[in-house]
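Here's the structure we're looking at; comments come further down.
In this note's numbering, the protein residues as written are 169 to 557.
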């Protein structure tokens, strides 16, 4: 399809895209609870005449089949929202208390539906298209669940594409990066067990809070003292709980943290040091330490050839000046990485900032919003990626 016609086709969908996105935005649902979202997606696909199936509880996979097609291209959108309150004053503000589409998954879902609508209307479509509406990206559970359920097995995609909203770019721009695009992640818990006593007699106890204070200082030296300055890693301790009363020496403390790295070697080194510190430091106070590590998303590696394809398509649709090469990977995580372990593909950044401050707020903040014209460009580019992969 001529790229001018493609953009115009997507532009004609804008009122429908806006209505669809605002409906999702007003009715957000958290990971693995996306029941209404799943139902709405199925309704839209039914209206387009696209067969679909449900996987992993709330995931939807649509299939546009073309007789004799020798290639299958997949497009993926995540559909879950975040457990945070929406502080915007707009008609489509979240109606679900304490839940908000603050990471743009309502946009991702709507763009994929828009691409599905355009692709399903193409009489000359020459390849199969798999439409993946994935739950639970925010908890890094959804991609693994869909893969394990066999949602991508028949037919097996030859290429896969995704996008992510990016208020650092204006609507009409995209950001691309070949190779390492996003970090791997691990969640970890450190449990310290001491001995309780009265606050007037601390010598009779083993103060888990004092041990935790020393351990926090030691743990925060790992990146600065065990990792080269040329490498990147982020070790963050986000929550500490412990103790029962102000006048009781605490027996137990729980420290919760995350680790984000850009290489396996760096990850292995940090986890090794965590294990050593947690095992040894509490013992010097007479306490015990226990470390539990839970892997999250793996390192996200964009295929260089697929990024080059997105670049060419972006330059045709948006103009060369609107395709931005991102120099550094994100230390955020994205479970699209699990698809890329076995399927060539790429994820790119879709600019969503408009002319007002309302669209400049970062993701994962309670006033996040987008310039909705960005959905036109995302829809058109995803369609072109399918046609040229």
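Think of the CB as a built atom: it goes at the ideal place given N, C-alpha and C, for glycine as much as any other residue.
> Does DSSP classify residue 201 as helix, strand or coil?
Replying inline: For the purposes of this step, residue 201 is taken as the residue at position 33 of the chain shown. When DSSP states are grouped into helix, strand and coil, residue 201 belongs to the coil group.
> According to DSSP, what are the bridge partners of residue 463?
Replying inline: The sequence position of residue 463 within the chain shown is 295, counting from 1. 354.
>> On the CB-based measure, 16 or more other CB atoms within 10 Å of its CB, does residue 302 come out buried or exposed?
In response: Position 134 of the chain shown, counting from 1, holds the residue named residue 302. Its Cβ being crowded by 16 or more others within 10 Å, residue 302 is buried.
> Residues in its own chain within less than 7 Å of residue 373 by CB, not counting five upstream and five downstream?
Replying inline: On the chain shown, position 205 is the one that residue 373 refers to. Excluding its 5 nearest sequence neighbours in each direction, residue 373 has C-beta neighbours in its own chain below 7 Å: 362, 363, 364, 365, 417, listed in chain order.
> How would you write the range of the beta strand (DSSP E) that residue 392 sits in, first residue to last?
Replying inline: Locating residue 392 in the chain shown gives position 224, counting from the first residue. Not the beta strand (DSSP E): residue 392 falls in the alpha helix (DSSP H), residues 390-394.
>> Rounded to the nearest angstrom, what separates residue 459 and residue 410 at their Cα positions?
In response: Your numbering for residue 459 matches position 291 in the chain shown. Your numbering for residue 410 matches position 242 in the chain shown. The straight-line gap from Cα to Cα measures roughly 16 Å.
>> So, for residue 466: in the same chain, excluding its five sequence neighbours on each side, which residues have a beta-carbon less than 6 Å away from its beta-carbon?
In response: Within the chain shown, residue 466 is the residue found at index 298, counting from 1. So the list reads 352, 505, once near-sequence residues are dropped.
> With a Cβ-Cβ cutoff of 8 Å, do residue 517 and residue 368 count as a contact?
Replying inline: Here residue 517 refers to the residue found at position 349 of the chain shown. Here residue 368 refers to the residue found at position 200 of the chain shown. Not in contact: residue 517 and residue 368 (Cβ atoms no closer than 8 Å).
> Where does residue 404 fall in DSSP's three states?
Replying inline: Along the chain shown, one-based indexing puts residue 404 at 236. Three-state result, residue 404: strand.
> In terms of residues, what are the limits of the alpha helix (DSSP H) holding residue 274?
Replying inline: Stepping through the chain shown from its first residue, residue 274 is reached at position 106. Under the DSSP assignment, residue 274 falls in the alpha helix (DSSP H) whose first and last residues are 273-288.
>> Using a Cβ-Cβ cutoff of less than 6 Å, which residues in the same chain neighbour residue 227 once the five nearest sequence positions on both sides are dropped?
In response: For the purposes of this step, residue 227 is taken as residue 59 along the chain shown, with counting starting at 1. Non-local C-beta neighbours of residue 227 in its own chain, meaning closer than 6 Å and more than five positions away in sequence, comprise 302, 303, 314, ordered along the chain.
> Helix, strand or coil for residue 335 per DSSP?
Replying inline: The residue given as residue 335 occupies position 167 in the chain shown. Taken through DSSP and simplified to helix, strand or coil, residue 335 comes out as strand.
> Around the C-beta of residue 450, are 16 or more other C-beta atoms found within 10 angstroms, so that it is buried, or is it exposed?
Replying inline: For the purposes of this step, residue 450 is identified with residue 282 of the chain shown, where counting begins at 1. Residue 450 counts as buried, since at least 16 other C-beta atoms from the protein chains shown sit within 10 angstroms of its C-beta.
> Which value, in whole angstroms, describes the spacing of the CA atoms of residue 540 and residue 242?
Replying inline: Against the chain shown, residue 540 aligns to sequence position 372. Against the chain shown, residue 242 aligns to sequence position 74. Using only the alpha carbons, I get a separation of about 24 Å.
> Whose C-alpha, out of 524, 300, 513, 215, is nearest the C-alpha of residue 344?
Replying inline: Counting from 1 along the chain shown, the entry for residue 344 is found at position 176. Here the closest residue by C-alpha is 513.
> In or out: residue 371 buried (at least 16 other Cβ within 10 Å) or exposed?
Replying inline: Here residue 371 refers to the residue found at position 203 when the chain shown is read from its first residue. Within 10 angstroms of the beta-carbon of residue 371 lie fewer than 16 other beta-carbons, which makes it exposed.
> Roughly how many angstroms lie between the CA atoms of residue 508 and residue 191, to the nearest whole one?
Replying inline: As a position in the chain shown, residue 508 is number 340, starting the count at 1. As a position in the chain shown, residue 191 is number 23, starting the count at 1. Cα to Cα, the separation comes out at about 31 Å.
> Quick one: Cα of residue 239 to Cα of residue 292, how far?
Replying inline: For this step, residue 239 is matched to residue 71 along the chain shown. For this step, residue 292 is matched to residue 124 along the chain shown. If you take the alpha carbons of residue 239 and residue 292, they lie about 14 Å apart.
> How many whole angstroms separate the CB atoms of residue 266 and residue 253, which I take to be in contact at a CB cut-off of 8 Å?
Replying inline: If you number the chain shown from 1, residue 266 lands on position 98. If you number the chain shown from 1, residue 253 lands on position 85. Between residue 266 and residue 253 a beta carbon distance of about 6 Å is seen, short of the 8 Å cut, so the two are scored as contacting.
>> Please report the straight-line C-alpha distance between residue 355 and residue 439, rounded to a whole angstrom.
In response: Here residue 355 is taken as the residue at index 187 of the chain shown, counted from 1. Here residue 439 is taken as the residue at index 271 of the chain shown, counted from 1. For residue 355 and residue 439, the distance between alpha carbons rounds to 11 Å.
>> Across the stretch 379-391 and the stretch 335-342, are there enough close Cβ pairs to call them in contact, namely three or more that are closer than 8 Å?
In response: no
> residue 268 bridges to which residues according to DSSP?
Replying inline: The residue labelled residue 268 in the question sits at position 100 within the chain shown. Paired residues: 250.
> For the beta strand (DSSP E) that contains residue 588, what are its first and last residues?
Replying inline: In this structure the chain extends from 169 to 557, so residue 588 is not present and cannot be described.
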